[in-house]
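Enquirer: In the numbering used here, the protein residues as written are 7 to 458. Idealized CB from N, CA, C, for every residue including glycine. All figures in this text were calculated on a predicted structure; none of them were measured in a lab.
(1) Could you work out which residue in 103, 368, 203 is closest to residue 145 when comparing CA atoms only?
(2) Answer with buried or exposed for residue 240, where buried requires no fewer than 16 other C-beta atoms within 10 angstroms of its C-beta.
(3) To which residues does DSSP link residue 260 through a beta bridge?
(4) Should residue 299 be labelled buried (16 or more other beta-carbon atoms within 10 Å of its own) or exposed?
(5) CB-CB under 7 Å to residue 341, same chain, minus the five flanking residues each way: which ones, in chain order?
(6) Please work out which residues of its chain come closer than 6 Å, Cβ to Cβ, to residue 26, disregarding the five sequence neighbours upstream and downstream, and give them in chain order.
(7) Quick check on the DSSP output: the alpha helix (DSSP H) that includes residue 405 runs from which residue to which?
(8) Quick one: grab the DSSP three-state call for residue 69.
(9) How many Å lie between residue 469 and residue 403 at the Cα?
(10) Quick one: is residue 206 buried, meaning 16 or more other Cβ sit within 10 Å of its Cβ, or exposed?
(11) Note down the Cα distance separating residue 28 from residue 426, rounded to an integer number of angstroms.
(12) Going by the beta-carbon positions, is the gap between residue 251 and residue 184 smaller than 8 Å?
(13) Name the DSSP bridge partner or partners of residue 76?
(14) Could you check the C-alpha separation between residue 13 and residue 432 for me, to the nearest Å?
(15) Nearest CA to the CA of residue 380: which residue from 125, 371, 401?
(16) Counting pairs of beta carbons, one from the segment 168-183 and one from the segment 273-284, are three or more of them closer than 8 Å?
(17) Return the chain-ordered list of same chain residues with a C-beta closer than 8 Å to the C-beta of residue 393, the five sequence neighbours on each side being excluded.
(18) Can you confirm whether the segment 355-363 touches the segment 59-74 when touching is taken to mean that 3 or more C-beta pairs between the two stretches lie within less than 8 Å?
(19) So, for residue 44: in the same chain, excluding its five sequence neighbours on each side, which residues have a beta-carbon less than 7 Å away from its beta-carbon?
(20) For residue 262 and residue 255, what's the separation of their Cα atoms in angstroms?
(21) Would you list, in sequence order, the uninterrupted alpha helix (DSSP H) runs of no fewer than 4 residues that lie entirely inside the segment 138-195?
(22) Does the Cβ of residue 440 have 16 or more other Cβ atoms within 10 Å, making it buried, or fewer, making it exposed?
(23) Using beta-carbon positions only, say whether residue 397 and residue 414 come within less than 8 Å of one another.
(24) Would you say residue 243 and residue 285 are within 8 Å of each other, going by their C-beta atoms?
(25) So the alpha helix (DSSP H) residue 459 belongs to, where does it begin and stop?
(26) Between which residues of its own chain and residue 422 is the CB-CB distance below 8 Å, once the five residues before and five after are set aside?
(27) Taking the alpha helix (DSSP H) that residue 313 falls in, what are its first and last residues?
(28) Would you check if the distance between the CB atom of residue 290 and the CB atom of residue 161 is smaller than 8 Å?
(29) Distance, Cα to Cα, residue 75 vs residue 420?
(30) If we call anything under 8 Å between Cβ atoms a contact, is residue 118 one with residue 412?
(31) Suppose the cutoff is 6 Å on Cβ atoms and the five residues either side in sequence are ignored; what does the same chain contact list for residue 384 look like?
See the structure below:
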């Protein structure tokens, strides 16, 4: 009966001087759609403009102050965790927008973190399809230039290709996805792993020289001597490289830690594959022509030998120049290198994603919210008027800080309920008077919130 009485007084046709609203539990704002149907009439457009004039929860969030930029906020289901499912959801939206084009004078762009994530992942795939073949092509060119023996070119390429595939397979086995850092692992394994194969091939050709040309076991014996002389040396260089990557395990960043694990494991895998795959096949292929005869050193050998002689003859000069160069590099790196990172760094400045994000940041409140989580212990809760006023003070302070486009909390919506029902625009800046008033606004907000 009491509730019915309050409701009756609230909605009763009492004569009121001017636009006065009687506060009550049931005096909720009208939340019915302004636009009925698919066409917007002049009257509806005027009503929308009037509503936007005093809607701070809409202006700056869904529509810009200039009225030239608006967003359609799409909330992706939180149960979608796998990238393929997220990509499928985004693709359905893109397909719909393609089938239902906007007017010619309207520019439509997709933005936000879900869309950026899907684009980044797709570009990772495109990079893999480009970078890995380029790395193999570079190795092919270098091997062809230095070795000039077909098996000596193909065997190292096969070894590093197998190593990269095994590393990627291990990532899949341990459910380690490609990300912005470990995306380079396959190319890294190819580039690092090719050196061991080059050492083996070069040593193999050297071991063939003292062998008898008519000896049918010359290739096998040369391979055995090659493995005995190079296995330990190659292992030590590979192991130190793997330890260097594994040292990232002390990083506090999970991406860096996992990158260290994956890269270190991949380097060791490349050693195992190289030291087993390459020597076995060397015994099965025909030795290179002319490998039994001593030949004068080529241009690369002559250049390396000359550089070595210069270093040996001028040790102090080389040490002094190296020390000065190292010190300068350390100084420049320490004082001039800024540590910074952004997802947008992965895109060209003229990329539509970057341009859309900049528009959202300049015209609206951006796509990068900083979330501050508050937890109360004890008897108090966030429905207390004292706590609500303190939270609003923090929100007001945040709004005044440089670099902050906007700030809001649950108290922002409570103040909006106050302004729309009885308080007027100035009530958005006032603290709540007492607990009864706050409870009334909480009840109105809960009643006006649609069920999901």
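Expert: Put simply:
(1) Looking up residue 145 in the chain shown gives position 139. Among 103, 368, 203, the Cα nearest to that of residue 145 is on 203.
(2) Against the chain shown, residue 240 aligns to sequence position 234. So residue 240 ends up on the buried side.
(3) Stepping through the chain shown from its first residue, residue 260 is reached at position 254. None; residue 260 has no bridge partner.
(4) In the chain shown, residue 299 corresponds to position 293, counting from 1. Annotation note: pLDDT 49 at residue 299 (below 50); position unreliable, no value reported.
(5) Here the question's residue 341 lines up with position 335 in the chain shown. Short of 7 Å from the beta carbon of residue 341, and not among the five residues preceding or following it, lies no beta carbon of its own chain.
(6) Numbered from 1 along the chain shown, position 20 holds the residue referred to as residue 26. Low confidence applies to residue 26: its pLDDT is 40, below 50, so where it sits in the model is not reliable, and the reading given next is rough at best. Closer than 6 Å at the Cβ level, and outside the excluded window around residue 26, lies no residue.
(7) Looking up residue 405 in the chain shown gives position 399. Run containing residue 405: 391-405, per the alpha helix (DSSP H) assignment.
(8) Here residue 69 corresponds to residue number 63 of the chain shown, with the count starting at 1. Residue 69: strand per DSSP, three-state reduction.
(9) Because the chain here runs from 7 to 458, residue 469 falls outside it and cannot be looked at.
(10) The residue given as residue 206 occupies position 200 in the chain shown. Using a 10 angstroms sphere on the CB of residue 206, the tally of other CB atoms reaches 16 or more, which defines it as buried.
(11) The residue you call residue 28 lines up with position 22 of the chain shown. The residue you call residue 426 lines up with position 420 of the chain shown. Unreliable positioning characterises residue 28 in this predicted model, as indicated by a pLDDT of 44, which lies under 50. The coordinate reading is nonetheless provided below. CA-to-CA, the gap between residue 28 and residue 426 works out to about 12 Å.
(12) Within the chain shown, numbered from 1, the residue matching residue 251 stands at position 245. Within the chain shown, numbered from 1, the residue matching residue 184 stands at position 178. No, the Cβ-Cβ distance between residue 251 and residue 184 is not below 8 Å.
(13) In the chain shown, residue 76 corresponds to position 70, counting from 1. Bridge pairing for residue 76: 69 [DSSP].
(14) Residue mapping note: residue 13 aligns to position 7 of the chain shown, counting from 1. Residue mapping note: residue 432 aligns to position 426 of the chain shown, counting from 1. With a pLDDT of 42 at residue 13, under the threshold of 50, the modelled position of that residue is not reliable, and no figure is offered here.
(15) As a position in the chain shown, residue 380 is number 374, starting the count at 1. Here the closest residue by C-alpha is 401.
(16) These segments touch.
(17) Position 387 of the chain shown, counted from the first residue, corresponds to residue 393. Excluding sequence neighbours, residue 393 sits near 382, 386, 387.
(18) With the cut-off at 8 Å, the segment 59-74 and the segment 355-363 do not touch.
(19) As a first step, residue 44 is located in the chain shown; it is residue number 38 there, counting from the start. Cβ within range, chain order: n/a, list empty.
(20) Working through the chain shown from its first residue, we reach residue 262 at position 256. Working through the chain shown from its first residue, we reach residue 255 at position 249. Spanning the two alpha carbons is a distance of roughly 8 Å.
(21) List check, alpha helix (DSSP H) in window: 156-179.
(22) The residue given as residue 440 occupies position 434 in the chain shown. That one is exposed.
(23) Against the chain shown, residue 397 aligns to sequence position 391. Against the chain shown, residue 414 aligns to sequence position 408. With a cutoff of 8 Å on beta-carbon distance, residue 397 and residue 414 are scored as not near each other.
(24) If you number the chain shown from 1, residue 243 lands on position 237. If you number the chain shown from 1, residue 285 lands on position 279. For residue 243 and residue 285, no; Cβs fall outside 8 Å.
(25) The question about residue 459 has no answer, for the chain in this structure spans 7 to 458.
(26) Mapped onto the chain shown, residue 422 falls at position 416. Result list for residue 422: 62, 63, 434, in chain order.
(27) The residue you call residue 313 lines up with position 307 of the chain shown. Membership of residue 313 in the alpha helix (DSSP H) is indicated by the continuous run 305-319.
(28) As a working note, residue 290 is residue 284 in the chain shown. As a working note, residue 161 is residue 155 in the chain shown. Contact: no.
(29) Residue numbering aside, residue 75 sits at position 69 when the chain shown is read from its first letter. Residue numbering aside, residue 420 sits at position 414 when the chain shown is read from its first letter. The alpha-carbon separation between residue 75 and residue 420 amounts to approximately 27 Å.
(30) For the purposes of this step, residue 118 is identified with residue 112 of the chain shown, where counting begins at 1. For the purposes of this step, residue 412 is identified with residue 406 of the chain shown, where counting begins at 1. Note that the C-beta distance between residue 118 and residue 412 is not below 8 Å.
(31) Residue mapping note: residue 384 aligns to position 378 of the chain shown, counting from 1. Residues of the same chain with a CB within less than 6 Å of the CB of residue 384, apart from the 5 flanking positions on each side, do not exist.
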